[in-house]
Amino acid sequence: MRFALFGLSLVTGVLWGQVAPEPADLVLRHGTVLTVDAKDSVAEAVAIRDGKVVSVGTDTSMGAWIGAKTRVIDLAGKSVTPGLIDTHAHLLSTGADEIVGVDLGRAASLAQLTELVKARVDATPAGEWVQGSRWNEGILAEHRGPTLAELDAISGGHPVLLENVTHHYAIVNSAALAMAKIDVSTKDPAGGRIEHDTTGKPTGMLREEAAVRLVSSHIPAITAEQYKMSLRSGIATMHSEGMTGVKDLNYPVEWSAYKELAGTEGLTIHACSLIWAGYSLESAKAALNEILQARKDEKTLPGGDLKVCGAKILLDGSATGRTAWRYEDYPVDARHPASTGHGFSTIEPDVYNKMVLLFNDAGVSVGTHAIGDRTIDLVVDAYAEALQQKPTVGLRHSIIHAHEPTEHAIAAMAEMQKKYDAGIPETQAEFLWWLGDTLPGSFGLERAQHLMPLATYRKNGMIFAGGSDYGVTPLAARYGLWASVAREPLKGTFGPHPFGMEEAVDVHTALKSYTIWAARQIFAETETGSVETGKWADLAVWDRNPYAVPTADLKEMKCMMTLYKGKVVFERAK
1 MRFALFGLSL
11 VTGVLWGQVA
21 PEPADLVLRH
31 GTVLTVDAKD
41 SVAEAVAIRD
51 GKVVSVGTDT
61 SMGAWIGAKT
71 RVIDLAGKSV
81 TPGLIDTHAH
91 LLSTGADEIV
101 GVDLGRAASL
111 AQLTELVKAR
121 VDATPAGEWV
131 QGSRWNEGIL
141 AEHRGPTLAE
151 LDAISGGHPV
161 LLENVTHHYA
171 IVNSAALAMA
181 KIDVSTKDPA
191 GGRIEHDTTG
201 KPTGMLREEA
211 AVRLVSSHIP
221 AITAEQYKMS
231 LRSGIATMHS
241 EGMTGVKDLN
251 YPVEWSAYKE
261 LAGTEGLTIH
271 ACSLIWAGYS
281 LESAKAALNE
291 ILQARKDEKT
301 LPGGDLKVCG
311 AKILLDGSAT
321 GRTAWRYEDY
331 PVDARHPAST
341 GHGFSTIEPD
351 VYNKMVLLFN
361 DAGVSVGTHA
371 IGDRTIDLVV
381 DAYAEALQQK
391 PTVGLRHSII
401 HAHEPTEHAI
411 AAMAEMQKKY
421 DAGIPETQAE
431 FLWWLGDTLP
441 GSFGLERAQH
451 LMPLATYRKN
461 GMIFAGGSDY
471 GVTPLAARYG
481 LWASVAREPL
491 KGTFGPHPFG
501 MEEAVDVHTA
511 LKSYTIWAAR
521 QIFAETETGS
531 VETGKWADLA
541 VWDRNPYAVP
551 TADLKEMKCM
561 MTLYKGKVVF
571 ERAK
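Put into structure tokens, the structure is as follows:
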């Protein structure tokens, strides 16, 4: 039956009895190859030469490609997919955070969190900064982060800054507030909020990057070498998870680290950078100049592994921090007994519209962070207006996160995709898992049923691209595959299925969102994203077949081998 099915879905362009002009460098056979081509064909073997796929077909057909020097790998029934691609990660900055700070994501209670911070305090020279990140109130037993008083009690005079897992808010201690000169008279910066108690005193909670930067700007900058260390480490992690491509948000110093590594050591991933555009038209103009220069730079680098994808704009906050901009107020509950409002836009709408026009007119793709429904409407309207003023097909403007799009937004995205190849949601299904014990409380149980409406996107003829938002969630796309299908939270604080199953998709669709659809969002779909002749041999070998296993097994898949441009860059020890 297996061979009958293969015959029906034979990869386009594979000729039976084809004579190879010269032997392949590498052949993988005796497996199940999920090609993710236009027909979603399934094959048994792949031949590779000069880094590219030269044949996809049956085990028998591979004989013509095997010569005296061909390496032959017996897959022994394992499965092959295209290398997975993450369309939204903070690869460099998260890795750097882990070098200079303490990872608080493993803390399951405030006692464990303070123990980790205290250990770092004790090991840090007097007066120097203590940093930590990734604390998650959805995992912490107390369902909250530490307070200023709790930090003061263990900090020993050190200034302390601890970022939440979303990286949209942070708690700092009194020494950090003093160093930044934040007191009762300090006004909120544009795009950020300084939280105050009922007496007007700062609580130590800083919401959004603009407010956190008031403190973080006093911390010694991460060095270029530390960025390169984090990049090497991040790439190694990606390889171990079958990942061969990423879209990463970069500031100029981070782009420089990418560029230097690409020029000296070479990259073994397809890396596509979004350059930070800031919060004003002036900062956007500066970012545009950086992007245009970076486009010149990328042409001088060997390998073609690094490119600039476009500009990144942060337009609202996070749902867990209740700063994402919504039409309705956030729910009042036991943890939030008083109204917390409906969030805010980090940029004035008219300014944002001008920023989008600037980039669109210059032929630059825009990726906008938008979580709340009100923000998403603003984004799709701005994209539609810009494309109407200067119609351009293929810029692939994206809506990053797109948690709760309105019917208007979905219709607008569908129309833009058909007409302009733009308006693509870049979603993070892993949030439903990793933040799944907080999000239902932020949106309310009814609205939670329709967060990240992947099935609705497909019903409207749309594509979407998957990502992790690493370091919010782990750097492992298999979790996103599973979460797209399962929609299950980590602990089940709001029940086992607070997100319902109406918006779940099947595993075939989920895999497309991390392969061929993701490849489109890094402008590389003709080079990678599917297993087809002429494309780079970016492949992941798995211990099980994602098309055939129970949903729960998707999360437990192990990558056994990863190839990038035909070279084995990871092989799991036996």
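For the sequence shown, the UniProt record's numbering assigns the number 1 to the initial residue and increments by one for each residue that follows.
Even glycine gets a Cβ: it sits at the ideal position worked out from N, Cα and C.
For residue j and residue i, the rounded distance between their alpha carbons
{"i": "Ala384", "j": "His397", "result": "10 Å"}
{"i": "Val117", "j": "Trp135", "result": "11 Å"}
{"i": "Trp255", "j": "Gln226", "result": "13 Å"}
{"i": "Val27", "j": "Ala465", "result": "30 Å"}
{"i": "Val569", "j": "Asp50", "result": "15 Å"}
{"i": "Thr491", "j": "Ala284", "result": "Contrary to the premise, residue 491 reads as Lys rather than Thr in this sequence. Using only the alpha carbons, I get a separation of about 41 Å."}
{"i": "Arg2", "j": "His30", "result": "Summary for Arg2: the model assigns pLDDT 36, below 50, so the residue's position carries little reliability; its value from the coordinates is reported in the next sentence. For Arg2 and His30, the distance between alpha carbons rounds to 13 Å."}
{"i": "Trp542", "j": "Val100", "result": "33 Å"}
{"i": "Val102", "j": "Val46", "result": "43 Å"}
{"i": "residue 579", "j": "Lys565", "result": "What is shown of the chain runs 1 to 574, which leaves residue 579 out entirely."}
{"i": "Ala294", "j": "Ala170", "result": "32 Å"}
{"i": "Arg207", "j": "Tyr330", "result": "16 Å"}
{"i": "Gly234", "j": "Ala107", "result": "22 Å"}
{"i": "Pro189", "j": "Ala210", "result": "6 Å"}
{"i": "Asp86", "j": "Glu128", "result": "35 Å"}
{"i": "Cys559", "j": "Gly441", "result": "35 Å"}
{"i": "Met229", "j": "Ile222", "result": "11 Å"}
{"i": "His403", "j": "Thr60", "result": "47 Å"}
{"i": "Val160", "j": "Thr493", "result": "30 Å"}
{"i": "Leu84", "j": "Leu177", "result": "42 Å"}
{"i": "Ser217", "j": "Thr186", "result": "16 Å"}
{"i": "Ala510", "j": "Gly245", "result": "16 Å"}
{"i": "Trp482", "j": "Trp434", "result": "12 Å"}
Helix, strand or coil at residue i [DSSP, three-state]
{"i": "Ala170", "result": "strand"}
{"i": "Arg144", "result": "coil"}
{"i": "Gln131", "result": "strand"}
{"i": "Tyr470", "result": "strand"}
{"i": "Glu446", "result": "helix"}
{"i": "His508", "result": "helix"}
{"i": "Met243", "result": "strand"}
{"i": "Glu385", "result": "helix"}
{"i": "Leu435", "result": "coil"}
{"i": "Thr124", "result": "coil"}
{"i": "Ala548", "result": "coil"}
{"i": "Ala540", "result": "strand"}
{"i": "Leu378", "result": "helix"}
{"i": "Glu202", "result": "The sequence as given places Pro at residue 202; Glu does not occur at that position. Looking at Pro202 - three-state DSSP - the assignment turns out to be strand."}
{"i": "Ser365", "result": "strand"}
{"i": "Asn250", "result": "strand"}
{"i": "Met229", "result": "helix"}
{"i": "Glu265", "result": "coil"}
{"i": "Val393", "result": "coil"}
{"i": "Val100", "result": "helix"}
{"i": "Ala20", "result": "Residue confidence is low: Ala20 scores 49 on pLDDT, short of 50, so the model does not pin down where it sits. No coordinate-derived value is stated."}
{"i": "Asn136", "result": "coil"}
Residue i CB to nearest heavy atom of the ligand ADP below 7 Å
{"i": "Gly444", "result": "The model depicted lacks the ligand ADP and carries no ligand whatsoever."}
Residue burial classification, residue i (beta-carbon count within 10 angstroms, cutoff 16)
{"i": "Thr35", "result": "buried"}
{"i": "Asp506", "result": "exposed"}
{"i": "Ser55", "result": "buried"}
{"i": "Glu328", "result": "exposed"}
{"i": "Asp183", "result": "exposed"}
{"i": "Gln388", "result": "exposed"}
{"i": "Val42", "result": "buried"}
{"i": "Ser339", "result": "exposed"}
{"i": "Pro550", "result": "exposed"}
{"i": "Asp333", "result": "exposed"}
{"i": "Glu290", "result": "buried"}
{"i": "Arg71", "result": "exposed"}
{"i": "Thr198", "result": "exposed"}
{"i": "His158", "result": "buried"}
{"i": "Gly495", "result": "exposed"}
Rounded Cβ spacing between residue i and residue j (contact assumed at less than 8 Å)
{"i": "Pro125", "j": "Ser530", "result": "About 52 Å; that fails the 8 Å criterion."}
{"i": "Thr166", "j": "Gly343", "result": "Actually they do not touch by this definition, with Cβ atoms about 13 Å apart."}
{"i": "Gly372", "j": "Ala412", "result": "With a Cβ gap of about 16 Å, Gly372 and Ala412 do not count as contacting."}
{"i": "Leu432", "j": "Met238", "result": "With a Cβ gap of about 22 Å, Leu432 and Met238 do not count as contacting."}
{"i": "Ile399", "j": "Glu430", "result": "About 17 Å; that fails the 8 Å criterion."}
{"i": "Asp421", "j": "Val393", "result": "5 Å"}
{"i": "Leu281", "j": "Val351", "result": "6 Å"}
- At which residue ranges does the stretch 398–430 contain complete beta strand (DSSP E) runs of 3 or more residues, listed in the order of the chain? Those beta strand (DSSP E) runs which fall completely within the stretch 398–430 and span 3+ residues are 398–401, 424–427.
- Give, in chain order, every unbroken run of the beta strand (DSSP E) that is at least 3 residues long and sits entirely within the stretch 45–93. Scanning the stretch 45–93 from its first residue to its last, the whole beta strand (DSSP E) runs of 3-plus residues come out as 45–49, 52–57, 71–74, 79–82, 84–89.
- Message: Please give me, in chain order, every unbroken run of the beta strand (DSSP E) with length at least 3 that falls completely inside the stretch 170–200.
- Response: Counting only runs of 3 or more, we get 193–196.
- Which parts of the stretch 269–328 are runs of the beta strand (DSSP E), unbroken and 3 residues or longer, counting only runs that do not cross its ends? Taken in chain order, the unbroken stretches of beta strand (DSSP E) that lie wholly in the stretch 269–328 and span 3 residues or more are 270–276, 306–314.
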